[in-house]
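In this note's numbering, the protein residues as written are 1190 to 1233. Read the structure below first, then the notes.
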């Protein structure tokens, strides 16, 4: 069962980062775009 746009690992890392006090998690995965607490890393 999949609930959400991105993979489980993205949400897990985001949750661990939030528990550690981070305000956002940076990802290369464009599927996570628009989810609170995440920012897409654009390198071009």
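Every residue, glycine too, gets a C-beta built ideally from N, C-alpha and C. For clarity, every value in this text was computed on a predicted model and none was experimentally measured.
Per DSSP, residue 1198 lies in no beta strand (DSSP E) segment; the continuous alpha helix (DSSP H) that holds it begins and ends at 1197-1208. Across the structure, residue 1224 and residue 1232 are spaced so that their CA atoms are roughly 20 Å apart. Taking 8 Å as the upper bound for CB-CB distance, residue 1201 and residue 1216 are not in contact here, some 12 Å apart. Taking a C-beta distance under 8 Å as the contact criterion, residue 1207 and residue 1193 do not qualify as a contact pair. For residue 1210, the number of other beta carbons within 10 angstroms of its own is below 16, and it is reported as exposed.
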